[in-house]
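Read in order, the letters of the sequence shown are residues 1226 to 1404 in our numbering. Cβ coordinates follow ideal geometry from the N, Cα and C atoms, glycine included. The structure under discussion appears below in the form of structure tokens.
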Amino acid sequence: MKTFLPRLIGGLVLILVILGIGLFVVRARDFHNRDRFRLAFENASASNRRAVFEESFEKLGADKIIKILEKEYPLCHDQVHDLGKVVFAETKDLAESIQICRDGCTGGCFHGVLMEAFRDDQKQVTDDLEQKNRDGHVWLDGVKEKAAELCDNDQVLAFHKKGKCIHGVGHAFSYISGY
């Protein structure tokens, strides 16, 4: 028993040391990725932010990116529209994208999701219209219907009030119409 206890304690200490080193390495990599993101974001023009988000999305995830930006820019709404676009482009799922963005940067990430979702819908509707040789007014009626459905959706209402959703749809309309 006397030789077993010191070996057990020694083994536990060794395991704790290995775990501590592993945790240190993971945290150091995380800090490095955060610093790289901050630097890239600060040096990017507004038109190049999407590329910065695309590069950092897999390494950091939307949650960490939003936390970094909310700390640096408390009213980071406009800065994260492109992050929301990246989130939707990656997931291709509106509900999942809304859950990822939640209310990050005062809803800016959510608005970016809507911008990308409606852009994809516009492309599909435009392709359909070209095939059927119709005019673009039919598309607007379809968008109005989709917007109403979206902003009454329980998954959206779980994170956003209807007014914020309608505001986000306005961003989407501006974006897809070229502002």
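With DSSP collapsed to three states, give me the class of residue 1398.
helix
Problem set entry | CA-to-CA distance, residue 1311 to residue 1272, given in whole angstroms | 14 Å
Item checked: Cβ-based burial, residue 1329 [other Cβ within 10 Å; buried from 16] -> buried
* To do: Can you tell me which of the three DSSP states residue 1281 falls into?
  => helix
Nearest neighbour of residue 1313, chosen from 1297, 1264, 1287 [CA to CA]: 1287
* **Residue from 1379, 1372, 1282, 1402 with nearest C-alpha to residue 1392** => 1372
Reducing DSSP to helix, strand and coil, say where residue 1316 ends up. helix
> Around the C-beta of residue 1322, are 16 or more other C-beta atoms found within 10 angstroms, so that it is buried, or is it exposed?
Replying inline: buried
(Q) Mapping the DSSP letters down to three states, classify residue 1322 as helix, strand or coil. (A) helix
* To do: Quick one: grab the DSSP three-state call for residue 1351.
  => With a pLDDT of only 47 at residue 1351, under the threshold of 50, the placement of this residue in the model should not be trusted, and no figure is reported.
Exercise. Just curious, the alpha helix (DSSP H) that residue 1379 is in, first and last residue?
Worked result: 1379 to 1382
Practice item. Let me know if residue 1341 comes out buried or exposed under the rule of 16 or more other beta-carbons within 10 Å of its beta-carbon. Key: buried
How is residue 1330 classed by DSSP in three states: helix, strand or coil?
-> coil
(message) Distance check for residue 1240 and residue 1308, CA to CA, integer angstroms please.
(response) 40 Å
| message | With distance defined between alpha-carbon atoms, name the residue in 1259, 1282, 1320 nearest to residue 1297. | response | 1259
Worksheet item: Mind checking residue 1320: buried by the 16 CB within 10 Å criterion, or exposed?
Response: exposed
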